[in-house]
Amino acid sequence: MSNINTTVPDNRDLSNFPGEYGLPFLGKTIEVVKDSIAVCNDHFKRFGAVSKIDMVRGQRVLMCLGPEFNEAALFDKDGSFSSAGGYASSLGSLYPDGMLLRDNAKHKKTRRASQPSFKTDALKTYVELLNPIQSRRIDMLPKDEEFLFYDAIQETLMDVAAKVFIGLDEKSPEAQKLHKIFSNINKGLITPFPYNLPFSQFRKSLKARETLRRFITETIPQRRGTDGVDMFSRYCNARDEDGNYLEDVDIDGHMAFLLFAAFDTTTSALTNILYYLGTHQDWQEKVRDEINAIDNEMPTFEDVASMQLTEYVFNETLRFWPSVMILNRRTTREVEVGGYKLPAHTVVMLSPAFTHRMEEWWDNPHKFDPMRFSPERAEHKRHGFSYIPFGGGAHKCIGMHFALLNARLYLFRLLKQYRVELRENYNPDWLHVHLPRPADALPITLRRI
Ligand code: HEM
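Numbering of the sequence shown is given in the numbering used here, commencing with residue 101 and proceeding in unit increments.
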């Protein structure tokens, strides 16, 4: 049984809480998009750990700041928080059957069927698919002249999505078409007017989602009974505990959401890693030394797993800029956390980035210091929910290991051959939402080593 009672509208009565709603219709969306961390800092200082705020279309939410709230909402030991309810208004119309839009038994079923695609054996096969894609795309990058890395990595990751997720030749016309459909769907997520009106972006996005649905459902029969190693084929051949294939609606819901969940998040992470390696050349050298110690042009899963310093850089980058800057849940009943009574059916908003910069939990939180993740220091273990770039609890990111693998492999190839340079005294403005990254798309120059 789902724990979201969709017949009950979101609770809007937050009169018992301090806070500030912002503008009619827009709430504080503009401030949050511009600098979500500043808004959290401001609310925390003026109102404490729990405060009310309005977001776009007047959605009324409780901002709940700090590890204690992260744990209560994400670990959710007694089913008091719904992920489906938290994301219904933002993702519900375009990804209604996505894993994050499901709770309890329905969620467990999808999650269980998806696990084989993310086990070590599967990850090992993805290394073989990723190597030639990344190699080709890195060869295509301009050398000794500036280009926008964010745009370049998007193309690379679209190739990865086509090949590893869907099982298409990344150079095929179908893959190119998929790229267009997918970016059209996602434009619908950031429009402030998500209404199905003639000529609106939102209508175009709904149509694109329908085209993707048709493509997926028409392709399912061709994939059944094959031994394809891509995620789509694995999912088409997965069976539930009674030995039945999954229903088309589950496969479509999962695949569409997987593309969404994987693509932007990794684009943001890799862009921001290059920002830090460009601004901290000493760290770029350390990572390169680690890479050069691997004596293999086509690194294996085990080679990649040995890149420890690279992992610390990945972690530290996501500490500053967790790709998903805001996590949402909706309470299913009144629930008490940290001395606050959160009313039933209330949307709560968590901020990983705020938590990742709390002085209470991190030494010198504004310093780029990847070694804080070393076993000797292990600052991220001071509280189970003070470091949550991949969430936590039942909905913890299923693609976490794939994301790290993909990033390490890409950095291996890039940094082994090239030095990454940024403009002198580069200090960009940052976009916070929909995904964090330098607003100018990170201009970089590659110099052959
Ligand atoms: C740096 C890259 C990534 C980051 C930072 C990230 C972050 C997250 C976060 C924070 C959540 C939990 C959201 C919540 O609980 O509200 C999540 C869930 C999810 N992620 Fe990722 N993600 C990344 C890459 C990926 C990749 C590569 C895939 C797939 C290959 C993926 C698939 C998913 C799925 C399916 C869920 C929903 C899980 C569930 O509901 O059980 N993610 N991700």
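All C-beta atoms in this analysis are idealised placements derived from N, C-alpha and C, irrespective of residue type, glycine included.
Looking only at 158, 150, 156 and 116, the smallest Cα-Cα distance to residue 168 is reached by 150. The straight-line gap separating the alpha-carbon atoms of residue 185 and residue 541 is approximately 33 Å. In the three-state DSSP reduction, residue 452 falls in the helix class (H, G or I). Closest by C-alpha distance to residue 468, out of 441, 497 and 420, is 420.
In this chain, the beta strand (DSSP E) harbouring residue 518 covers 518–521. With fewer than 16 other Cβ atoms inside 10 Å of its own Cβ, residue 393 counts as exposed.
A direct Cα-to-Cα measurement between residue 465 and residue 507 gives close to 24 Å. Residue environment analysis places residue 538 among the buried positions, since at least 16 neighbouring C-beta atoms fall within 10 angstroms of its C-beta. Annotation for residue 424 indicates a beta carbon within 7 Å of some heavy atom of the ligand HEM. In the three-state DSSP reduction, residue 162 falls in the strand class (E or B). Annotated as distal: residue 110 and residue 417, with beta-carbon spacing of 8 Å or more. The residue from 255, 194 and 244 with its alpha-carbon nearest to that of residue 363 is 255. Relative to the ligand HEM, residue 470 has its C-beta separated by 7 Å or more from all heavy atoms. C-alpha of residue 230 to C-alpha of residue 470: approximately 26 Å in a straight line.
Here the alpha carbon of residue 358 sits roughly 21 Å from the alpha carbon of residue 271. Shown here for residue 348: same chain residues with a beta carbon closer than 7 Å to its own, the five before and five after excluded, namely 317 and 320 in chain order.
With a minimum length of 4 residues, the unbroken runs of alpha helix (DSSP H) contained wholly in the stretch 325–389 fall at 331–336 and 348–379. Residue 436 is bridged by DSSP to 441. Under the Cβ criterion (8 Å, minimum of three pairs), the stretch 408–416 counts as touching the stretch 472–480. In the structure shown, the three-state DSSP call for residue 155 is strand. With respect to residue 453, residue 137 sits close: the two C-beta atoms are nearer than 8 Å. According to DSSP, residue pairing for residue 475 in a beta bridge does not occur. In this structure, residue 498 lies near residue 214, with their beta-carbon atoms less than 8 Å apart. The secondary-structure analysis by DSSP pairs residue 543 across a beta bridge with 248.
Cβ atoms of residue 536 and residue 246 stay farther apart than 8 Å, at about 22 Å.
Short of 6 Å from the beta carbon of residue 534, and not among the five residues preceding or following it, lie these beta carbons of its own chain, in chain order: 290. In the DSSP annotation of this structure, residue 409 is not part of any beta strand (DSSP E); the continuous alpha helix (DSSP H) holding it starts and ends at 408–420. Nearest in C-alpha terms to residue 280, of all of 400, 308, 450 and 197, is 308. In this structure the stretch 217–235 lies against the stretch 263–278, because at least three pairs of beta carbons, one per stretch, are closer than 8 Å. Residue 451 and residue 163 have their C-alpha atoms spaced approximately 8 Å apart. Annotation for residue 495 indicates a beta carbon within 7 Å of some heavy atom of the ligand HEM.
Collapsing the DSSP output to three states places residue 133 in a helix. Taking non-hydrogen atoms of the ligand HEM into account, the C-beta of residue 365 is found less than 7 Å away from one of them. In terms of Cα proximity to residue 403, the closest of 510, 159 and 253 is 510.
Rounded to the nearest whole angstrom, the CA to CA distance from residue 529 to residue 252 is 19 Å. With a 10 Å radius around the Cβ and a threshold of 16 neighbouring Cβ atoms, residue 422 comes out buried.
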